[in-house]
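> Residue numbers (the working numbering): 10 to 277.
All C-beta atoms, glycine included, are put in the ideal place defined by N, C-alpha and C.
Can you read through this structure? Questions will come right after.
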């Protein structure tokens, strides 16, 4: 039986390890063309080679791409390359994430690093890919978020948390922003908490979690055009649940867009 993902083009950010890598693996196994994003060309190529070597995957279905999300200029270059080479993109999986560091860290663009890598880079990438993202039924953006978004508040007057920094609060804020962004009417998007998994982010949650493959299964299900979605919906693993109230508040959505446009240097 042909897979409903066969022949569809999917960009997965942060696909060199953890849930992103397992998501790329499952998508390719089901016949999708996967644009596999890594922080550097070497990391993206190594992940591609690993999939070809261990799973016997057809290398023609994989395209390694690189951009360091701590540099917004690289995010712009990535978006332009995708639009140029893949003018029709069926799914964008905004998965790349880092645990906020112990010490307050700013990027070269002047943003707190977790807020930029986990949210602002994806905000910019999604907006720049708007022309490529298909409006056909099934075209969508899947934001890999976190249940920790419920503990968060966006510090509107101090999004970079210069005044009071806590790595957990910084990480949670980035995940709330990503979850709010899924409700943006400009794109068809959902967000998903894939469960607590054995990935580099595990220390933020506790000591044990499920496998990255288990988490990836929930992401892949939402990439599948056979799975009907509602814009702005939030899933906890496979179950649709209500996100934090802020995530569907129109005023918050508009305010976040305004803030993000300012921080990425683009005016809407």
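Hey, residue 20 and residue 101: beta-carbon distance below 8 Å or not?
Yes. Within cutoff.
> What number of angstroms, rounded off, separates the C-alpha of residue 227 from the C-alpha of residue 103?
The straight-line gap from Cα to Cα measures roughly 14 Å.
> Look at the Cβ atom of residue 92, then the Cβ atom of residue 140, and state whether they are nearer than 8 Å.
Yes.
> At a cut-off of 7 Å, would you count residue 61 as near the ligand ATP, judging by its Cβ distance to the nearest heavy atom?
In the structure shown, the ligand ATP is absent, as is every other ligand, since no ligand is present at all.
> Reducing DSSP to helix, strand and coil, say where residue 75 ends up.
The answer is strand: DSSP assigns residue 75 an E or B state.
> If I measure Cβ to Cβ from residue 128 and keep anything under 6 Å in the same chain, skipping five residues before and after, which residues do I get?
Counting only Cβ-Cβ distances below 6 Å, and skipping sequence neighbours, we find 183, 186, 187.
> Thinking C-alpha only, which one of 225, 238, 154, 247 is nearest residue 253?
Of 225, 238, 154, 247, the residue nearest in Cα terms is 154.
> Just reading off the alpha helix (DSSP H) that residue 111 is part of, what are its end residues?
Neither: residue 111 is in no alpha helix (DSSP H) and is coded neither H nor E.
> What does the Cβ neighbour count give for residue 144, buried or exposed, with the cut at 16 atoms within 10 Å?
Residue 144 is exposed by the Cβ-count criterion.
> Measuring CA to CA, which of 55, 60, 66, 118 is closest to residue 84?
Of 55, 60, 66, 118, the residue nearest in Cα terms is 118.
> Let's test the definition: count the other Cβ atoms within 10 Å of the Cβ of residue 69 and tell me whether it reaches 16, buried, or not, exposed.
Exposed, since its Cβ has fewer than 16 Cβ neighbours within 10 Å.
> Would you list the residues sitting across from residue 200 in a DSSP beta bridge?
The partner list for residue 200 (beta bridge, DSSP) reads 152, 243.
> Taking its Cβ as the centre, do 16 or more other Cβ atoms sit within 10 Å of residue 146, making it buried, or is it exposed?
Exposed, since its Cβ has fewer than 16 Cβ neighbours within 10 Å.
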